[in-house]
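What follows is one structure encoded as structure tokens, with my remarks underneath.
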Amino acid sequence: MTAAPATCCGCPARTAEADARVPIFPIHDGRTLIHVGRPYATWAIIAINVVVYFFFEGGISGETSFAAVYGFGLIPATYNDYYDLPADILAVPDWATLVTYAFLHADFWHLLGNMVFLWVFADNIEDAFGHLRFLAFYLLCAAGAGYVFLLSDPMAQTPLVGASGAVAGVVAAYLMLHPRQRIWILVLMRVPLRLPAFWVLGFWVLFQFYSIIVAEPDEQIAWWAHVGG
13 MTAAPATCCG CPARTAEADA RVPIFPIHDG RTLIHVGRPY ATWAIIAINV VVYFFFEGGI
73 SGETSFAAVY GFGLIPATYN DYYDLPADIL AVPDWATLVT YAFLHADFWH LLGNMVFLWV
133 FADNIEDAFG HLRFLAFYLL CAAGAGYVFL LSDPMAQTPL VGASGAVAGV VAAYLMLHPR
193 QRIWILVLMR VPLRLPAFWV LGFWVLFQFY SIIVAEPDEQ IAWWAHVGG
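So the sequence shown is numbered by my numbering: it starts at 13 and just counts up by one.
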């Protein structure tokens with residue numbers, strides 16, 4: 013089946029993001045790395061996300077490249093052969109979009125939120141797994157999150173973009189490995205507190221399930237991708 017060409021009007025990208033309604037924001041965990049000298053894989057993932065946003069999505073100009081979003085974002089209808097992209101959009105194979113979507117972001121704040129979560133938590137998971145195994149883990153989390161989103165809305169024609177599905181996997185791993193580690197957070201973006209990871213990340217995880225239940229039909233945040241991660 014071939015659908016009408018995708019346009020930027022009325023069809024914004026679905027974002028797998030740490031939503032602004034969550035009243036907590038991590039800023040530091042203070043945990044020292046033991047097994048790796050530097051978290052090179054984490055730094056590389058953050059750098060790739062930043063470069064993709066500013067130089068390939070058009071972040072420098074302030075206007076998102078919809079060709080990039082539709083060509084490399086995860087579109088369930090395209091993946092499931094209900095919809096064909098316009099011929100002039102350069103696209104990767106459908107299977108590759110299970111990963112490429114996680115390196116795209118809808119806007120600067122979407123990018124910033126995800127990268128802060130990675131900066132705070134991912135280095136400790138890399139420390140536990142090692143560089144290559146952490147990289148494989150991160151990409152598998154992205155693919156798993158994307159696939160769950162495919163199952164949740166198989167005929168959607170709106171692209172899914174954002175690293176938060178993969179970030180959710182990192183958060184879950186941190187919660188399992190370091191539940192008692194005390195984390196500095198900002199509550200309501202104003203009040204600094206230092207609380208155990210069990211409370212901070214446990215609340216974040218529960219918030220994802222709550223958001224699925226109360227989400228509006230036209231919700232632009234892909235909560236199922238968070239749960240999949």
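Glycine included, C-beta positions come from ideal geometry on N, C-alpha and C.
| query | result |
| --- | --- |
| Member of G158, P191, R192, M127 whose CA lies at the smallest distance from the CA of T112 | G158 |
| Length of the line joining the Cα atoms of P88 and A103 | 14 angstroms |
| Residues bridged to F37 (per DSSP) | L198 |
| Secondary structure, beta strand (DSSP E): runs of 3+ residues fully inside the stretch 133-209 | 194-199, 203-208 |
| Beta-carbon proximity of V64 to F115, cut-off 9 angstroms | yes |
| Chain-order list of residues whose beta-carbon lies under 7 angstroms from that of L213 (same chain, five-residue window excluded) | V183, Y186, L187 |
| Nearest to M167 (by Cα), restricted to the options E138, L152, Y91, H40 | Y91 |
| Inter-residue spacing [alpha-carbon to alpha-carbon] between P38 and I58 | 16 angstroms |
| Run of the alpha helix (DSSP H) containing A89, from where it starts to where it stops | 88-91 |
| Backbone CA spacing between R33 and F149 [nearest angstrom] | For R33, the predicted model reports a pLDDT of 47, less than 50, meaning its position is unreliable; a value from the coordinates is still stated below. If you take the alpha carbons of R33 and F149, they lie about 28 angstroms apart. |
| G125 versus H40 - alpha carbon distance | 14 angstroms |
| Chain C contact for M127 (CB, 9 angstroms cutoff) | No chain C is part of this structure, which consists of one protein chain only. |
| Continuous alpha helix (DSSP H) assignments of at least 4 residues falling wholly in the stretch 78-130 | 78-84, 88-91, 109-112 |
| Test item: CB-CB of L86 and V173 under 9 angstroms | yes |
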